[in-house]
Structures are given as structure tokens and as C-alpha cells.
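Data block below; observations after.
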Amino acid sequence: MNKSIIIYGFGRMGLTHYSILNQLIGNADITLVDMDKKINFFAKKNISANLISDVSKIQGKHDYAIICTPPMFHISSVEECLKRGDKTIFVEKPFGGVRDDYSKVISQKDKVKIGYVLRFIPVIQWLKLNLPIDRVTKFEGSYFSNTIEKKPKGWRNGEYSGVCNEMGSHIIDLAVYTLGLKNFQITDKKIESIVSDVDDIVSFNLTSEDKEYKFHFDWVNKKYRKPIFSLKYYLEDNSYYKVDQQKVEYFDGNNQLINSVSTVDIAFSTPYYLRGVEFTNQMQDFIKKQEAIASVDEALVTREIIKNILEP
Amino acid sequence: MKQVLGDNQFFGINHNDIEKGNKTKEQFGTDESIVEFIKKSISLGLNGFMLNSNERGFKIISEIDFDETTEIHYSVPYPHKFATMVNENGMLHLLKHVLSNSTFNSLIRQAPKFIFSRNIKHLLPLIIDLEIPMNLKKGSYVYLQNIVTDLIIGLKREDLLLEYCKIIKKKGYKPGLITLNPSLLEKYVISYPLDLQKDLIICFNINKSGFNVFPSKENVEEFIQTKHSFKKMGMSILSSGGVNNINDSLAYIKTLGLDYVVFGSSKIENVENNHKTLATEK
Numbered sequence: 008m009n010k011s012i013i014i015y016g017f018g019r020m021g022l023t024h025y026s027i028l029n030q031l032i033g034n035a036d037i038t039l040v041d042m043d044k045k046i047n048f049f050a051k052k053n054i055s056a057n058l059i060s061d062v063s064k065i066q067g068k069h070d071y072a073i074i075c076t077p078p079m080f081h082i083s084s085v086e087e088c089l090k091r092g093d094k095t096i097f098v099e100k101p102f103g104g105v106r107d108d109y110s111k112v113i114s115q116k117d118k119v120k121i122g123y124v125l126r127f128i129p130v131i132q133w134l135k136l137n138l139p140i141d142r143v144t145k146f147e148g149s150y151f152s153n154t155i156e157k158k159p160k161g162w163r164n165g166e167y168s169g170v171c172n173e174m175g176s177h178i179i180d181l182a183v184y185t186l187g188l189k190n191f192q193i194t195d196k197k198i199e200s201i202v203s204d205v206d207d208i209v210s211f212n213l214t215s216e217d218k219e220y221k222f223h224f225d226w227v228n229k230k231y232r233k234p235i236f237s238l239k240y241y242l243e244d245n246s247y248y249k250v251d252q253q254k255v256e257y258f259d260g261n262n263q264l265i266n267s268v269s270t271v272d273i274a275f276s277t278p279y280y281l282r283g284v285e286f287t288n289q290m291q292d293f294i295k296k297q298e299a300i301a302s303v304d305e306a307l308v309t310r311e312i313i314k315n316i317l318e319p
Numbered sequence: 027m028k029q030v031l032g033d034n035q036f037f038g039i040n041h042n043d044i045e046k047g048n049k050t051k052e053q054f055g056t057d058e059s060i061v062e063f064i065k066k067s068i069s070l071g072l073n074g075f076m077l078n079s080n081e082r083g084f085k086i087i088s089e090i091d092f093d094e095t096t097e098i099h100y101s102v103p104y105p106h107k108f109a110t111m112v113n114e115n116g117m118l119h120l121l122k123h124v125l126s127n128s129t130f131n132s133l134i135r136q137a138p139k140f141i142f143s144r145n146i147k148h149l150l151p152l153i154i155d156l157e158i159p160m161n162l163k164k165g166s167y168v169y170l171q172n173i174v175t176d177l178i179i180g181l182k183r184e185d186l187l188l189e190y191c192k193i194i195k196k197k198g199y200k201p202g203l204i205t206l207n208p209s210l211l212e213k214y215v216i217s218y219p220l221d222l223q224k225d226l227i228i229c230f231n232i233n234k235s236g237f238n239v240f241p242s243k244e245n246v247e248e249f250i251q252t253k254h255s256f257k258k259m260g261m262s263i264l265s266s267g268g269v270n271n272i273n274d275s276l277a278y279i280k281t282l283g284l285d286y287v288v289f290g291s292s293k294i295e296n297v298e299n300n301h302k303t304l305a306t307e308k
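Protein chains in written order, with the numbering used here: chain A, 8 to 319; chain B, 27 to 308.
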């Protein structure tokens, strides 16, 4: 029997997940929901899926629901899917916004998974298996890009956007994923608006149990053609792991490189590549074992940190 | 096996080391430095060069005359430009951009077909016109970037790839398709008209370590060994600079029987060494 899939939102992420699922699941009945009638008007003649702009016309339960709407519709869309009885629900990060009410989602949280795709980068998967987390005393995470060159329009210039929600949430999630960050205390924060009216450059420090965390996000930096992130995990003897998208390097306390692992060293295969292996790996995990994909509880830790940063 | 100079080093792209990529971008800060590097590489014996249709690539092709025998391998579109457009103003802004930047004549020819059918196929000639410089030498290869090729495969709109190849040929160029899913693409391309296949190059990752070779190194080796009418170009042959033994990696590439390879480096001596190693008998 064909798998039934519903995808909310047909922007860049909706298009990416649609393409990947089209390749991963041979026989799938896919429904696309986008409230933008203009998008539907053009998509109808170009995509072999059922296109809907009115959510009241959605019928039946779906095996997979994929929510890629702008974040202000995340929670209401999840509620709709749960009410309808969809079996498994994937929501793109950052999973709503700082003022959303998550109580209705929490009661059925096991059905809901959140798309923090950087978890699925091969070096991050290697790190998850090999990092001695009990010995980590300090974490530093940074993100740089030149994503916003002009003042964005619409919701991208509002409270659901900004570097914390759009990019920084990935880095916070990596701290949650690799170190199990839960309870925290913000010790210092600085927010700047340079191009947009919301947060463009953000720095903050926090403590959690026996570890210190330092974050810096900047998405208006013209030095960077492509987004770049960097993580550092300091151990109690001052040695540290330095991580980026392509490699993990381990240095001793005198900054001497001890060893390194790069994506070149990590063998992996993927049945279909689009934008990065992590996107396909994420969908494979979501439709199969759900081992690495973010849970609601984990995503709510990230949400709570962002709330504490952005709210006065 | 023909050899083509890649362009990643010019624009700060290094799939294995982003910091290194940013450093090489500074080295090629002027258009003159790029042109000089290309000309030096050609004088060493490379058959041609690849350039993307980003702002600088477009300008270089528009303004510089290269030797008649130099093969130009031009790739479209510049993905970052379109990604930024979507980030800032949404998906429909792409459509607005294409329509508002096209010439009156192109619009008269294509816009009614698009409006009537809503099929994106009819926008392709407009998009291609915007991306190809007028001065691009006829007979050059024009490649579709992998982000677009692979998205089209995912959307199951393979008809767009055939249409792309036909349009490129009609304009007096030869089509190329860059993909990271060569085996998936193969299924469609083998049904193309033979004369089109003969002009076509499929460009894909292959290297000894299997870095970014999808779905697997073994699968792509099998694809290369299968006899086809189209030509095959290997890229990322040195695993984006991530290999320790370059000679072993090049020796592996030489065993494959590819029609073309594309490789880059920020150092001309590396280009020379790689060229010599690849050019010697197996």
C-alpha cells in the first residue's frame, strides 16, 4: 500500500523534503499544502502531487506529515495533524516561536520530531559516538554567514526570524544533542540589529550543571560566501575538540594537533543527494528508526534558551 | 582524457575545508588574477577551464577573449544568488526576477506560453538567456549546476533536463549536466536522442576515497564502466583537497577511462604536477 505524506509549506525546505521523499519512498501519495494561492497556481502544473490551499479540505490520516511553514504556523499545524491522527510528524526547526503555547503538542510529543538537520552531518554523527562528554568542561559554538544582505520582508523581519531562530538554533541544538544540555542559567548576552529589525548578531554565555557554554551567531558577515559553523569542546586537561562541517580535530593543551577525522575518512552512502547528505540522512532517520532526530523535549530546551536570550 | 581547470579556488569554495576556501578567495581578489591563472594553466597543456555564471565569471567571459582552441565549460546558474533572493523575498520573487530582467523579445516569445500553460519549461529559455553572456564562444559547454539538476531529478521533472539540453544546443552550445546522482540521471539520459547524447557531458564526483561519491563509489565506478553515448567528466577527483597521497588518487582516476576530468588548485605548480601525472600513460 502506498504511503501517504502531507507536506505543509512549499518553500525551499518543502521543496527539498518533497524531492528527497520522492526518491526514498517509491510509492507515495503526496499532498502539498500551501496557503499562498499564487504558489499553488504555478506548482499545480509543475508537480505531480495533490495541491491544497484550504486546510479544511484535507482528508484522512497520513503516515507522515512534514511541516515546513513559516514558524508562526508550526504549532497550529502540528495540532491539526495530531487532531487528524497523522502517525508521525516532522516539524522544521526552530519549532514555533518564543511566545507559542506548546501544551497541546506535549501530550502527544512522541509522535512529533524536529528537523535540526546539522545533527546528520557525518562528522557530528562521529562526534556523538566518540566525544567523552563527562570530561567536557566548556563548549563554544559559533555561526557565521552572509545570509541577509538587504532588510528582509514579511515574517523574516519579525520575531519568528532573526539569527537566533534561523541559524543559531542549529548550534544550540548541537550543544543539546552532543552534551545533553538541559537546565541552564544565562550569564551574559548581547544582541545587535545591523540589517534587519531583529537579531543579526548575538553573543551569549550560559552555564549548565558543571559546564560553561559560549555562543556567537552572525548572519550579516560579508566575509563568508557560505555559512560556516565552528564548535569547540574543552576537556578538563585543557585539550579540546574543534569541529566544523567537514572535520573534527583534537588538540592538546598546547594547541598541538593530536589527530583529526574528516568527512573524507568517514565512509557513508546515500541513495539520493540534494543540498547535503544530512538532508537525506535526516529523512531516512525520520521514516525509519528515529534515533538521531530531535525530540520535542530537546527542541523545547533550545526554544527556552532562545526565549531567554530574546526576551528583555 | 581531456583536462579542465576547475573554478572553486577562484570563488572560495572548498568542500573539505571552508577556512582554506576563504583564504584562496583572497588570493584571487581581482578578475585579472583569475584570467592570468587560467591562461597559465592552459599554457601548461590543460584543454580548457570551467567558470560559473556568478557575477565575476559572467564578467570574465563577457570581457576576455580566450584562444580559439581553449574549451570553455560554463556552468549555470549561480545558486547563491537565487538562494539569497528566496531568503529575502520568497519563492515568487524568482519568477518576478526572471520576468523583469528578460529582454522584450524573449518575453514576447516565451511569456505567453508560460502564462497559458504555467509550465516552468517555458521559462527555461528566459533563465538561460539571463545566465549566459552574449560573448560566450559558440561550441562551448554550458552545464546545469548540480543543485538544479538534482532537484529536478527529485521532483521527477526529468523533461526539464531534456528541455535544457535542447535549448542549449539550439543556441549553438553543447549541454552539460552536473549531478551528484549520476546513476539516477543515467536512467533518463539514455533515452535522449542520440545526437543530443553525443554532445552531452555528465559531470559527477569520483575519487579514490569515495568522498561525496553517491550513492557509493562502487555504484559510480559501474556507471563509468557502462558504455554510453554521452561523455563523462569526473570532478572532486582529489576529494576536494582532502587526500594525503595525490599520486595514488590520480593513478586511480587514470584507471577509470573518463572522457574528461576537472580539477582545481590555488597553486599553479599543483595544476602542472596534476596535469603531467594525468597526461602520462597508465
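Note that CB positions come from ideal geometry on N, CA and C, so glycine has one too.
No experiment lies behind these values; they were computed from the predicted model shown.
Candidates B:Leu222, B:Thr96, B:Pro219 and B:Leu156: which alpha carbon is nearest Phe84 (chain B)'s?
-> B:Leu156
Does any heavy atom of the ligand SAM sit closer than 7 Å to the C-beta of Leu181 (chain A)?
-> Inclusion of the ligand SAM in the displayed structure is not the case, the ligand content being empty and no account of it being possible.
Those residues which DSSP pairs with Val271 (chain A) across a bridge = Its beta-bridge partners do not exist; DSSP assigns none.
Would you kindly work out how many angstroms separate the C-alpha atoms of Lys194 (chain B) and Val284 (chain A), rounded to a whole number?
-> Lys is not the amino acid found at residue 194 (chain B); the sequence shown has Ile there. For Ile194 (chain B) and Val284 (chain A), the distance between alpha carbons rounds to 30 Å.
Pick from B:Ser292, B:Leu276, B:Leu125 and B:Ile272: whose alpha carbon is nearest that of Thr306 (chain B)?
-> B:Leu276
Kindly confirm or deny that the region 203-215 of chain B and the region 133-142 of chain B touch, where touching means at least three C-beta pairs closer than 8 Å.
-> no
CB contact below 8 Å: Ile12 (chain A) versus chain B | no
Which value, in whole angstroms, describes the spacing of the CA atoms of Leu149 (chain B) and Tyr190 (chain B)?
-> 11 Å
Residues bridged to Leu4 (chain B) by DSSP?
-> The question about residue 4 (chain B) has no answer, for chain B in this structure spans 27 to 308.
Can a CB atom of chain B be found closer than 8 Å to the CB of Val271 (chain A)?
-> yes
Whole-angstrom distance between Thr270 (chain A) and Asp141 (chain A), CA atom to CA atom | 25 Å
Beta-carbon separation of Ile64 (chain B) and Val102 (chain B) under 8 Å?
-> no
Locate the beta strand (DSSP E) running through Cys229 (chain B), then write down its first and last residues.
-> Ile227 to Asn231
Under the three-state reduction of DSSP, which class applies to Asp320 (chain A): helix, strand or coil?
-> Here chain A covers residues 8 to 319 and nothing more, so residue 320 (chain A) does not appear.
For chain A, find out if any of its Cβ atoms is closer than 8 Å to the Cβ of Leu206 (chain B); answer yes or no.
-> yes
Please state whether DSSP places Lys249 (chain A) in a helix, a strand or coil.
-> strand
Name, in chain order, the residues that DSSP records as bridge partners for Thr129 (chain B).
-> According to DSSP, Thr129 (chain B) bridges with nothing at all.
C-beta atoms of Lys218 (chain A) and Phe146 (chain A) nearer than 8 Å = yes
Cβ pair Phe236 (chain A), Gln252 (chain A) closer than 8 Å = yes
Alpha helix (DSSP H) containing Tyr214 (chain B): first to last residue?
-> Pro208 to Val215
Can a CB atom of chain B be found closer than 8 Å to the CB of Tyr280 (chain A)?
-> yes
Reducing DSSP to helix, strand and coil, say where Met42 (chain A) ends up.
-> coil
Chain B partners of Ile54 (chain A), CB-CB under 7 Å?
-> Leu181
Closest by CA to Tyr218 (chain B), which one among B:Gly198, B:His254 and B:Ser79?
-> B:His254
Please name the residue or residues paired with Val255 (chain A) in a DSSP beta bridge.
-> A:Val250 and A:Val268
If you run the structure through DSSP and keep just helix, strand and coil, what is Pro201 (chain B)?
-> strand
Any beta-carbon of chain A closer than 8 Å to the one on Asp285 (chain B)?
-> no
For Thr214 (chain A), the three-state DSSP class (helix, strand or coil) = strand
Start and end residues, beta strand (DSSP E) containing Phe146 (chain A) = Val143 to Phe151
Along chain B, in chain order, which residues have C-beta atoms closer than 8 Å to that of Asn29 (chain A)?
-> Gly180, Leu181 and Lys182
Mind checking which residues open and close the alpha helix (DSSP H) that includes Lys196 (chain B)?
-> Glu184 to Lys196
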